[in-house]
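In my numbering, the protein residues as written are 143 to 404.
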């Protein structure tokens, strides 16, 4: 049962709409993620899950609605008269440093070692001294089980190892929240566990996490809450023991039957 305090939202999404041309991808999304909460988002392909994460990270701009991180509006500011105006690019980039995101594809810089990938953000964006960044990156590599791969380049790493480097790179910016977008979908089955184990560790340490996933076992074990999305709306949400085992909505039941076979 989710015991996170109400009103202590790290993420708040309010009436979010996003379209690509005539196609409505998000149609009035509303939900909160409490500080330290792990929320998994499940649903069929094309339901808007990845677009939602990209809007939260400001990689996409919603046509309507608002997003708050740790109580602060992102992507916009509020004038004294209550009107909303788009934030300046510098402000948007600053917000992005507080939101870690890991994608389906690893997106590592191929010309940099694992260590080089991890220290790039802290050194270039946060102006952290290189020696300090290297020490922190070394600790993160140890955290994700890749101490011996510090000087290895992406092409020499397995998919699971690259994804763990990508997680370490996101953590190096000391984000307030981590977003994961189907991070195991591009991995061979035998490599999935090593990535999920890192994510489980982060959850146990109290990291606020919003996870788009098709790994129902992970969602059941780790999530405080599960959201089921379809056709751009949150159809149903609840504790994983309830939503994954006794969903109330017929659409949720059909999806889980197709995925789990029961």
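Heads up, the beta-carbon is just placed ideally off N, CA and C, and yes, glycines get one too.
Exercise. Taking only runs that begin and end inside the segment 163 to 238, name each unbroken alpha helix (DSSP H) of 4 or more residues, in chain order.
Key: 191 to 198 and 231 to 238
Quiz item: Residues in its own chain within less than 7 Å of residue 182 by CB, not counting five upstream and five downstream?
Solution: So the qualifying residues of the chain are 353, 355, 361, 365 and 368.
Quiz prompt | 7 Å Cβ shell around residue 148 - same chain, five flanking residues per side excluded | solution = Confidence is the limiting factor: at residue 148 the pLDDT is only 42, short of 50, which leaves the residue's position unreliable, though a coordinate-based value still follows. Nothing listed; no residue qualifies.
Quiz item: With distances taken from CA atoms, which of 186, 350, 160 and 244 is nearest residue 394?
Solution: 186
Practice problem: Look at residue 190 and residue 157 and say whether their C-beta atoms are less than 8 Å apart. | Solution: Against a cut-off of 8 Å, the Cβ pair of residue 157 and residue 190 comes out as no contact.
Quiz item: By Cβ distance below 8 Å, which residues in the same chain neighbour residue 376 in space, the five residues on each side in sequence not counted?
Solution: 171, 172, 173, 369 and 370
Exercise. Provide the residue span of the beta strand (DSSP E) that contains residue 370, from first to last.
Key: 367 to 372
Practice problem: Return no unless some Cβ of chain C is closer than 8 Å to the Cβ of residue 155. | Solution: The chain inventory of the structure shown lacks chain C, comprising one protein chain alone.
Practice problem: Output the boundary residues of the beta strand (DSSP E) element that contains residue 394. | Solution: Looking at the DSSP string, residue 394 is not in any beta strand (DSSP E); the run it does join, the alpha helix (DSSP H), is 392 to 402.
Quiz item: At which residue ranges does the segment 293 to 325 contain complete alpha helix (DSSP H) runs of 4 or more residues, listed in the order of the chain?
Solution: 301 to 313
Quiz item: Quick check: the segment 322 to 334 against the segment 285 to 294, are there 3 or more CB pairs under 8 Å?
Solution: no
Quiz item: Tell me which same chain residues have a C-beta within less than 8 Å of the C-beta of residue 286, skipping the five on either side of it?
Solution: If we look at residue 286 and ignore the five residues flanking it on each side, its Cβ neighbours are 306, 307, 309, 310 and 340.
Quiz item: Rounded to whole angstroms, how far is the Cβ of residue 198 from the Cβ of residue 241, which I believe are closer than 8 Å?
Solution: 7 Å
Quiz item: Smallest Cα separation from residue 350: which of 166, 266 and 175?
Solution: 175
Exercise. Give me the Cβ distance between residue 374 and residue 153, rounded to the nearest whole Å; I'm assuming they're in contact under 8 Å.
Key: 18 Å between Cβ atoms; not a contact.
Practice problem: Check each candidate in 195, 238, 400 and 260 and name the one with the smallest Cα separation from residue 318. | Solution: Out of 195, 238, 400 and 260, the CA that lies nearest to the CA of residue 318 is found in 238.
Quiz item: Does DSSP classify residue 348 as helix, strand or coil?
Solution: Note: residue 348 maps to coil in three-state DSSP.
Practice problem: Out of 346, 323, 344 and 282, state which residue places its alpha-carbon closest to the alpha-carbon of residue 264. | Solution: 282
Quiz item: Which term fits residue 400, buried or exposed, when burial requires 16 or more other beta carbons within 10 angstroms of its beta carbon?
Solution: Exposed.
Quiz prompt | Within 8 Å, strictly: CB atoms of residue 244 and residue 209 | solution = Between residue 244 and residue 209, the C-beta spacing is not below 8 Å.
Quiz item: Can you name the residues that DSSP bridges to residue 375?
Solution: 372
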